Amino acid sequence: MDAAFFGLGPRQDRARRQLDRLAANPPQVLVLEGGLAPEREAAALYFAAACNCAGSGANPGGGACGACPACVQIRDKIFMDLIFLDGVEQSIKVDDVREVRQKVGEPPRGSGHRVVVFTEAQSLTPSAANALLKSMEEPRPGNCFLLLAPQRERLLPTLVSRSWTLTLAWPEAGGSLACPADAEACDNAVWLEALERFWRTGQGLFGLTSAKTRLTRNVALAVVLALSKELADVLAGRECSRLGRFLGERLGLQGLRSLDLLLETTQEALVGMANPALSIEWMATRVALWVR
Numbered sequence: 000m001d002a003a004f005f006g007l008g009p010r011q012d013r014a015r016r017q018l019d020r021l022a023a024n025p026p027q028v029l030v031l032e033g034g035l036a037p038e039r040e041a042a043a044l045y046f047a048a049a050c051n052c053a054g055s056g057a058n059p060g061g062g063a064c065g066a067c068p069a070c071v072q073i074r075d076k077i078f079m080d081l082i083f084l085d086g087v088e089q090s091i092k093v094d095d096v097r098e099v100r101q102k103v104g105e106p107p108r109g110s111g112h113r114v115v116v117f118t119e120a121q122s123l124t125p126s127a128a129n130a131l132l133k134s135m136e137e138p139r140p141g142n143c144f145l146l147l148a149p150q151r152e153r154l155l156p157t158l159v160s161r162s163w164t165l166t167l168a169w170p171e172a173g174g175s176l177a178c179p180a181d182a183e184a185c186d187n188a189v190w191l192e193a194l195e196r197f198w199r200t201g202q203g204l205f206g207l208t209s210a211k212t213r214l215t216r217n218v219a220l221a222v223v224l225a226l227s228k229e230l231a232d233v234l235a236g237r238e239c240s241r242l243g244r245f246l247g248e249r250l251g252l253q254g255l256r257s258l259d260l261l262l263e264t265t266q267e268a269l270v271g272m273a274n275p276a277l278s279i280e281w282m283a284t285r286v287a288l289w290v291r
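Heads up, the final residue of the sequence shown is numbered 291 in numbering that gives the first Met the number 0, and it's a clean run with no missing numbers.
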């Protein structure tokens, strides 16, 4: 087993063990939520490899070795039984799904499973989501669909109801917001701290957003995801960070629900290629008006 070969770090060890077990008998549809976008993609590639790894063929549930030709080709996204649709750059349209349906109508070309990955699956257009649903209602042996999304709630409910769901470890957003070793998580903590300061004092945000090379779309999406995690903790009554407590005290139940809708809108704008700095500024300014 070599999850690091696919970019899946130790923070996701629990999810990786679950993926190993699922790969022994893959579900028809698996939703991967939580984590950061690169972690979801890494988990999807790892799972595809675990379903096709030559090294684990004699040891079901043994994971992906990271050394055999199937593992290497899946990591490089050139494996004959891997279909990879990237919803990061643009919406996944109905024609894309129809093309996939033609391919999954045939048996896998190898001895393992054909794995169809939809990254940022919340970017499926309504017609594409319905076409995918029809494919799920007409299952073909040897095929597995992976739907990657920040939260399952961003997907068509009927898709989720027909799927297994695995939640990756969420980004850490609370506590002292100290900068961890991982650079991407460090950026995430810096932005959350800046947002909290902005909502408390009206200062400390626009200096960061003006440095546009720092706020990439992936970082902005990670920040929105971390805020969604904070919101989920508050609404569920779980222990939360200083930021979560602040939002809960200032917004109340109705305000928290409004924040959930606002974060969904911001996330959709970012997936739709909106400017990251303007998107975060717009979201932060709206919340600032609510917490005053």
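Where is the CB? At the ideal position from N, CA and C, for every residue including glycine.
Remember, it's a predicted structure, so these values are computed and weren't measured experimentally.
The alpha carbon of Phe144 has as its nearest neighbour, out of Gly247, Leu269, Lys92 and Arg100, the alpha carbon of Arg100.
Taking C-alpha positions only, Ala287 is separated from Trp198 by approximately 5 angstroms. In the three-state scheme derived from DSSP, where H, G and I count as helix and E and B as strand, Glu195 is classed as helix. Straight-line spacing of the CA atoms in Ala130 and Ser90 works out to 14 angstroms. Look at the stretch 82-162 and you find these whole runs of alpha helix (DSSP H), each 4 residues long or longer: 93-103, 125-136 and 156-160.
The C-beta of Asp12 has fewer than 16 other C-beta atoms within 10 Å across all chains shown, which makes the residue exposed.
Taking the C-beta atoms as reference points, Gly104 is found no nearer than 8 angstroms to Asn51.
Assigned with DSSP and collapsed to three states, Gly201 falls in coil, not helix or strand. Minimum Cα-Cα distance from Phe83 among the listed residues Arg153, Ala63 and Ala43 corresponds to Ala43. The Cβ-Cβ distance between Leu31 and Leu167 falls below 8 angstroms. With the rule of 3 Cβ pairs closer than 8 angstroms, the stretch 259-267 counts as touching the stretch 217-225. Secondary-structure assignment with DSSP links Gly33 through a beta bridge to Leu167.
Burial is judged here by how many other beta carbons sit within 10 angstroms of a residue's own beta carbon; Pro9 has fewer than 16 and is exposed. For the pair Trp289 and Phe117, the Cα-to-Cα distance works out to about 36 angstroms. Ser278: member of the alpha helix (DSSP H) spanning Pro275 to Val290, first to last residue. The beta carbon of Arg139 is closer than 7 angstroms to those of Val103 and Gly104 in its chain, skipping five residues each way along the sequence. At the C-beta level, Arg285 and Leu261 come within 8 angstroms of one another. A distance below 8 angstroms separates the beta carbons of Trp163 and Pro26. Note that the C-beta distance between Phe4 and Arg97 is not below 8 angstroms. Looking only at Arg15, Asp259, Arg241 and Asp94, the smallest Cα-Cα distance to Leu234 is reached by Asp259.
Beta-carbon to beta-carbon, Leu81 and Ala47 are separated by about 5 angstroms, close enough to satisfy the 8 angstroms threshold. Around the Cβ of Pro125, a 10 Å sphere holds fewer than 16 other Cβ atoms; the residue is exposed.
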